[in-house]
Each structure stands twice: as C-alpha cells, then as structure tokens.
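So the sequence shown is numbered by my numbering: it starts at 1 and just counts up by one.
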Amino acid sequence: MTSINYTINTKDKRKIYGIIGAVLTLMIPFFLMFFNGDNHLETDQSLCPFKMITGFPCPGCGITKSLVYFYQGDFYKSVSYHILGPFVIVFSVVSIFVLTMELITKKEYFNTVMYNKRLAYGLGFFLVGYHIVRLIFFIKNNSLDSILKESIWR
C-alpha cells in the first residue's frame with residue numbers, strides 16, 4: 001500500500017485562506033438576511049468593538065448591514081450603510097474565482113493589481129476621507145447622549 005504525500009506550499013495555503021475568507025464575507029450577511037424579518041438590524045447594538053467602547057463607528061462599520069440590504073435588493077439602503085458594501089461583494093466574488101483558478105492552473109493572475117502600492121494607498125486615502133465625512137455627519141446628527149447609548153457606557 002502506498003501513501004500519497006501531498007504538501008501544500010505557503011502560497012497555496014494563503015490562497016485557500018483567501019477563498020475561505022471571501023466565502024465567509026459573502027455568506028454571513030446572506031444568513032443574517034434570513035433572520036432580519038422584523039428589520040431588527042437597523043436597531044440592534046453593533047458588535048464592533050470600537051463602536052461598543054467609544055460609541056463612534058469605525059471605518060468598517062456598516063459593511064455587514066450594507067451587504068444584507070444589497071442582498072435584499074435595496075441598493076440605496078446598502079450604500080447608505082457603507083459606500084463600499086457593493087464593492088466588497090464584487091471583490092469577494094472575483095477573489096474566489098481568481099484564487100480558485102490560480103490553484104487549478106498553478107499560474108498567478110492580477111499580481112500587478114493585487115500588490116500595487118499606489119492602488120493600496122489610494123484605497124487607504126479614500127477610506128480615511130470617507131470615514132472622516134461619515135464621522136462629521138454622525139456627530140452632526142447625533143447628540144452626545146445618543147452616542148453614549150451606542151457604546152457600552154450607557
């Protein structure tokens with residue numbers, strides 16, 4: 001009896017982890033959508049540790065709700081929770097497809113795009129700017145008392 005000794009290299013492991021992460025990113029909001037019959041996601045306490053401590057949203061706050069409402073077909077509400085929500089869906093689907101193809105063909109695609117420092121810095125600056133605008137509107141539309149109600153310090 002012979003045994004097949006197959007080892008997975010580090011790059012392939014990272015690709016598999018990327019696929020798993022992208023699938024989870026798409027599936028968790030999909031399952032939350034089924035349990036949002038009474039629209040409780042709009043009023044429930046956020047599970048974001050930063051928001052629980054400070055009462056202020058972090059740069060990623062709203063992504064999950066954005067995906068849920070995108071799945072429900074409410075694009076306006078999806079974008080109102082986080083402008084990058086639909087982009088996360090597209091990025092996750094493309095990542096699953098590309099990483100799967102890379103594992104199958106043993107070739108790497110889009111490395112110049114995926115490891116582009118200019119693109120990373122551009123997205124980072126966009127996210128910082130977007131978050132600053134969100135914080136300004138958040139502070140403008142909420143009193144200190146309502147902000148504290150968003151935190152664990154009620």
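Idealized CB from N, CA, C, for every residue including glycine.
This structure is a prediction, so every number in the text was calculated from the model and none was measured.
For ASP38 and PHE137, the rounded distance between their alpha carbons | Those two C-alpha atoms are separated by around 27 Å.
7 Å Cβ shell around ASP12 - same chain, five flanking residues per side excluded | LEU103
Nearest-angstrom Cα separation, counted from PHE70 out to LEU32 | The straight-line gap separating the alpha-carbon atoms of LEU32 and PHE70 is approximately 12 Å.
DSSP state of ASN141, grouped into three classes?
-> In the structure shown, ASN141 sits in a helix (DSSP, three-state: H, G or I).
Rank LYS149, GLY18, TYR17 and THR25 by C-alpha distance to the C-alpha of PRO86 and give the top, closest one.
-> THR25
C-beta atoms of ILE147 and SER95 nearer than 9 Å = no
State the CB to CB distance for the pair ILE139 and MET52, rounded to an integer number of angstroms; the pair is presumed to be in contact (CB under 8 Å).
-> Contact between ILE139 and MET52 fails: their C-beta atoms lie close to 18 Å from each other, not under 8 Å.
Would you grab the beta carbon distance between CYS61 and SER46 for me? Rounded to a whole angstrom, and I think it's under 8 Å.
-> 6 Å
Take HIS131 and list the residues in its own chain whose beta-carbon comes closer than 7 Å to its own, dropping the five residues that flank it on each side.
-> PRO59
Anyone know if the C-beta pair for ILE16 and ILE28 falls short of 9 Å?
-> no
Per-residue DSSP class, three states only, for LEU84 | coil
When the Cα atoms are used, what is the spatial distance from PHE91 to ARG134?
-> 22 Å
Roughly how many angstroms separate the alpha carbons of GLU42 and VAL88, rounded to a whole number?
-> 20 Å
Among PHE35, PHE34, PHE56 and LYS117, nearest to ASN141 - alpha-carbon criterion | PHE56
How long is the line joining the alpha carbons of THR64 and PHE35, rounded to whole angstroms?
-> Between the alpha carbons of THR64 and PHE35 lies a distance of about 13 Å.
Whole-angstrom C-beta distance between TYR109 and VAL98, which should lie under 8 Å | That belief holds up - the Cβ atoms of VAL98 and TYR109 are roughly 6 Å apart, short of 8 Å.
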